[in-house]
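Numbering (my numbering), first residue to last: 3 to 166. Read through the structure below, which is laid out as structure tokens, and then see the notes.
Structure follows, in structure tokens:
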């Protein structure tokens, strides 16, 4: 299983389950738990990726990010660089539901937890990091995941949620 396949599996597993543990080929463990009790008191620090926001029409996304590597009515995959990919998922009305960005290789190119969730997050013993913030007034949540071990990957995900 490739790193990209493993990372996509982790992302999909996270979206589909509020509480689970994922184990990759490298035996890096990432535990996801429901974040229903986690809520941000202030507005989001990170609310868009290269101008792409939750609720934006697919046509605007494609105007901002260019031609996707893979395109469909349900999702687009963009290869920004060999070290950065973005996947955008759409609602049936063709507006953005989820934006997920994966950084691999040079971690200096990846955002820090503070630039994504607004606070420093201590790493676990293996170097892994996980933090989710919910912004009900803005209508989305955001998470920061950094896998532990050698060759870490950072995944930043924004997903639509019910507005307050």
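No residue lacks a Cβ here, since even glycine has one placed at the ideal position from N, Cα and C.
- Sixteen is the threshold: since fewer than 16 other Cβ atoms of the shown chains lie within 10 Å of the Cβ of residue 117, the residue is exposed.
- Residue pairing by DSSP places residue 81 opposite 87 in a beta bridge.
- For the pair residue 70 and residue 80, the Cα-to-Cα distance works out to about 5 angstroms.
- Between the stretch 97-109 and the stretch 125-133, the count of Cβ pairs shorter than 8 angstroms is below three; the stretches do not touch.
- For residue 117, the enclosing alpha helix (DSSP H) starts and ends at 115-119.
- Partner residues in the beta bridge of residue 97, as assigned by DSSP, are 59.
- Across the structure, residue 83 and residue 122 are spaced so that their CA atoms are roughly 26 angstroms apart.
- By the beta-carbon neighbour count (other beta carbons within 10 angstroms, threshold 16), residue 95 is exposed.
- Residue 148 carries a strand assignment under DSSP once its states are collapsed to helix, strand and coil.
- Burial state of residue 52 is exposed, judged by a 10 Å Cβ sphere holding fewer than 16 other Cβ atoms.
- As a beta-bridge residue in DSSP terms, residue 162 pairs with 142.
- Per the coordinates, the alpha-carbon of residue 155 lies some 18 angstroms from the alpha-carbon of residue 90.
- In terms of CA proximity to residue 164, 141 leads the group 119, 141 and 147.
- By the CB criterion at 7 angstroms, residue 59 and residue 137 fall outside the cutoff.
- Around residue 166, the same chain offers 138 and 139 as residues with beta carbons nearer than 8 angstroms, after the five sequence neighbours per side are excluded.
- Residue 44 counts as exposed, since fewer than 16 other beta carbons sit within 10 angstroms of its beta carbon.
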